[in-house]
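Following: one structure in structure tokens, then a few remarks.
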Amino acid sequence: MHANQIAVMFPGQGVLDAGVIERSSAASAEPEPAPRSPSALRAAGSAAREPEHPEVPIYRASLAAYSRLQHAGVVPDVLIGHGFGEIAALVVAGAFSMSAGAEIVAARSGALGDAVAERYGMASIQGSRRQVSILLKLLETDGVSLAAENSSHESVIVGPPPALWAAADLAAALDIPFVLLKTNRAPHRRLMNETRATLTSALRHVVRRPLQYPVFSPLRGRPYCDSDDLIDCLAQQLVEPIRFADAVAHLVRDGLSLMVECGPLRGLASTLDCHAVADTAFCRRPPAPATATQRKDQADRAHAREVA
């Protein structure tokens, strides 16, 4: 990457709330065209609208939001997804068809649903990496672990409800903001290896295509390449924490200057203090620094106006 880069990011299941289904702009089903037009992206996922898969509306809304960026003339330099959001990123990048993406979403959601009986929950902590590390050590239990580092000041932990309640009490004693998340799905933990294997096996038939845009993988710490087994990478996310903050820091070091979130809510954008599609001022590529010749031309034009 070089300076003045634009990244488009796609949120994970953390944006789930009761209103997402109503607010998502799903369109009627239509054949998948080539090339990938904005209207086709708005219609993505229409074949997988089962209400038992709560992530499907996020998938549809994310692709619909990206189509609005296309209409605005935005061409991203890199795509990135947060956990589940990586499915939408890979579809936009061309690695999977839209129908294949919907199938992956449904399979992942179903696999997580099958694991609900294990009774795990998640919580958001508004603290530094060091504060979160200290809190987890003081808990003295292996039942709670890091699920995601979203930014330098926000992380998500996962564990059984009693352990999370103990974490909430400890966070209150340490004056660290702590919020239990309303979810009965708790990925990104080591004990989901069986679910990971089931998901990988169920999606082996999905056809993978060459990438048309770079997709940065927080799991790999680099952009995906054509030799990566993307289905295995998506399944591996279920047992690994999301190092999203590190991924964003990597992109910034490589010249990233603007990030735009494509999703149903302004979630990641508020955490990272960047733009969402819902923002009024967004997706304007920062101008490259003027060259010496351009600066001289600008000065000459300004002088000419003064003389006139």
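According to our numbering, the sequence shown holds residues 55 to 362 in order. Using N, Cα and C, we set each Cβ at its ideal position, and we do this for glycine too.
Practice item. With distances taken Cα to Cα, identify the nearest neighbour of alanine 289 among Ala161, Arg307, Ala126. Key: For the purposes of this step, residue 289 is taken as the residue at position 235 of the sequence shown. Among Ala161, Arg307, Ala126, the Cα nearest to that of alanine 289 is on Ala161.
**Study point:** serine 178 versus leucine 200 - alpha carbon distance
**Key:** As a working mapping, residue 178 is identified with position 124 in the sequence shown. As a working mapping, residue 200 is identified with position 146 in the sequence shown. Straight-line Cα distance between these residues: approximately 10 Å.
Check your understanding: glutamate 208: buried (16+ other C-beta within 10 angstroms of its C-beta) or exposed?
Key -> Indexing the sequence shown from 1 puts residue 208 at position 154. The residue in question, glutamate 208, is buried, as its Cβ has 16 or more Cβ neighbours within 10 Å.
Review point. So what's valine 200 in DSSP terms, helix, strand or just coil?
Key: Stepping through the sequence shown from its first residue, residue 200 is reached at position 146. A small correction: the amino acid at residue 200 is leucine; valine does not occupy that position in the sequence shown. Strand at leucine 200.
**Study point:** Close-in-space but distant-in-sequence residues of the same chain around glycine 66 (CB under 6 Å, 5 per side omitted)
**Key:** Residue numbering aside, residue 66 sits at position 12 when the sequence shown is read from its first letter. The beta carbon of glycine 66 sits closer than 6 Å to the beta carbons of His136, Gly137, Phe138, Gly139 from its chain, once the five residues preceding and following it are set aside; these are given in chain order.
Point to revise | valine 145 to glutamine 180 span [Cα, whole Å] | key: Your numbering for residue 145 matches position 91 in the sequence shown. Your numbering for residue 180 matches position 126 in the sequence shown. Valine 145 and glutamine 180 have their C-alpha atoms spaced approximately 32 Å apart.
Check your understanding: Exposed or buried, serine 82, counting other C-beta atoms within 10 Å across all chains shown (16 or more means buried)?
Key -> On the sequence shown, residue 82 is found 28 positions in, with the first residue counted as 1. In this prediction, serine 82 scores a pLDDT of 32, lower than 50, which makes its location untrustworthy; the coordinate-derived value is nonetheless stated afterwards. When all chains shown are included, serine 82 counts as exposed.
Review point. How many Å lie between arginine 297 and alanine 251 at the Cα?
Key: Taking the sequence shown and counting its residues from 1, the one referred to as residue 297 is at position 243. Taking the sequence shown and counting its residues from 1, the one referred to as residue 251 is at position 197. Whole-angstrom Cα-Cα distance: 22 Å.
Check your understanding: Mapping DSSP to helix, strand and coil, what is glycine 317?
Key -> Within the sequence shown, the letter at position 263 stands for residue 317. When DSSP states are grouped into helix, strand and coil, glycine 317 belongs to the coil group.
Review point. Curious, which full-length beta strand (DSSP E) runs of at least 3 residues does the segment 217-288 contain?
Key: Every beta strand (DSSP E) stretch that sits fully inside the segment 217-288 and reaches 3 residues is listed by chain position as 232-234, 269-271.
Exercise for review: Within the same chain, show all residues whose beta-carbon is closer than 7 Å to that of alanine 147, passing over the 5 residues directly before and after it, in chain order.
Suggested key: By 1-based counting over the sequence shown, the position of residue 147 is 93. Cβ neighbours of alanine 147 beyond the five flanking positions: Leu133, Leu265, Gln266, Tyr267, Val269.
Review point. What is the rounded straight-line gap between the Cα of alanine 217 and the Cα of aspartate 280?
Key: Here residue 217 is taken as the residue at index 163 of the sequence shown, counted from 1. Here residue 280 is taken as the residue at index 226 of the sequence shown, counted from 1. Rounded to whole angstroms, alanine 217 to aspartate 280 spans 41 Å at the Cα level.
Check your understanding: Pairing CB atoms from the segment 113-128 with CB atoms from the segment 180-199, are three or more of them under 8 Å?
Key -> With the cut-off at 8 Å, the segment 113-128 and the segment 180-199 do not touch.
Review point. Ordered along the chain, which non-local residues of its own chain (more than five positions away) have a Cβ less than 8 Å from that of asparagine 247?
Key: By 1-based counting over the sequence shown, the position of residue 247 is 193. Apart from sequence neighbours up to five positions away, the residues of its chain that approach asparagine 247 with a beta-carbon distance below 8 Å are Val293, ordered along the chain.
**Study point:** Burial state of proline 215 (16 or more Cβ within 10 Å)
**Key:** Numbered from its first residue, the sequence shown carries residue 215 at position 161. That one is exposed.
**Study point:** C-alpha distance - leucine 310 paired with alanine 165, whole-angstrom precision
**Key:** Start at 1 with the first residue of the sequence shown, and residue 310 comes out as number 256. Start at 1 with the first residue of the sequence shown, and residue 165 comes out as number 111. If I take the Cα positions, the gap works out to 35 Å.
Exercise for review: Quick one: grab the DSSP three-state call for serine 311.
Suggested key: Position 257 of the sequence shown holds residue 311. Reduced to three states, the DSSP call for serine 311 is strand.
**Study point:** alanine 80 - DSSP class collapsed to helix/strand/coil
**Key:** Locating residue 80 in the sequence shown gives position 26, where the first residue counts as 1. With a pLDDT of only 39 at alanine 80, under 50, the local geometry of the prediction cannot be trusted, and the value read off the model is given with reservation. DSSP places alanine 80 outside both helix and strand once states are collapsed to three, so it counts as coil.
Practice item. Report all residues from its chain with a CB closer than 7 Å to the CB of valine 62; omit the five preceding and five following residues, and keep chain order. Key: Here residue 62 refers to the residue found at position 8 when the sequence shown is read from its first residue. These residues qualify, in order along the chain: Tyr120, Leu123, Pro130, Leu133, Val314, Cys316.
Point to revise | C-alpha distance - aspartate 168 paired with arginine 114, whole-angstrom precision | key: The residue given as residue 168 occupies position 114 in the sequence shown. The residue given as residue 114 occupies position 60 in the sequence shown. Approximately 23 Å between the Cα atoms of the pair.
**Study point:** DSSP state of valine 128 mapped onto helix, strand, coil
**Key:** In the sequence shown, residue 128 corresponds to position 74, counting from 1. The DSSP-derived three-state label of valine 128 is coil.
Check your understanding: What does a CB cutoff of less than 8 Å around glutamate 86 pick up in its chain, not counting 5 residues either side in sequence?
Key -> On the sequence shown, residue 86 is found 32 positions in, with the first residue counted as 1. For glutamate 86, the predicted model reports a pLDDT of 39, less than 50, meaning its position is unreliable; a value from the coordinates is still stated below. Cβ-Cβ distances below 8 Å link glutamate 86 to Ala94, Ser151, Met152, Ser153 in the same chain, with the five nearest sequence neighbours on each side left out; the list follows chain order.
Practice item. Could you check how far apart the C-beta atoms of leucine 190 and valine 198 are, in whole angstroms? I think they sit under 8 Å. Key: Reading the sequence shown from its first residue, position 136 is the one you call residue 190. Reading the sequence shown from its first residue, position 144 is the one you call residue 198. With a Cβ gap of about 6 Å, leucine 190 and valine 198 count as contacting.
Point to revise | Selection from Val261, Thr254, Leu305 that minimises the alpha carbon distance to cysteine 287 | key: Counting from 1 along the sequence shown, the entry for residue 287 is found at position 233. Proximity to cysteine 287 across Val261, Thr254, Leu305 peaks at Thr254, based on C-alpha coordinates.
Review point. Buried or exposed: where does alanine 226 fall if 16 or more other Cβ atoms within 10 Å of its Cβ makes it buried?
Key: Residue numbering aside, residue 226 sits at position 172 when the sequence shown is read from its first letter. Its Cβ having fewer than 16 others within 10 Å, alanine 226 is exposed.
Exercise for review: Can you grab the Cα-Cα spacing for the pair alanine 118 / serine 163, in whole Å?
Suggested key: Residue mapping note: residue 118 aligns to position 64 of the sequence shown, counting from 1. Residue mapping note: residue 163 aligns to position 109 of the sequence shown, counting from 1. Each residue's Cα considered, the two are about 20 Å apart.
Check your understanding: What did DSSP end up calling alanine 119 once you bin it into helix, strand or coil?
Key -> The residue labelled residue 119 in the question sits at position 65 within the sequence shown. Helix.
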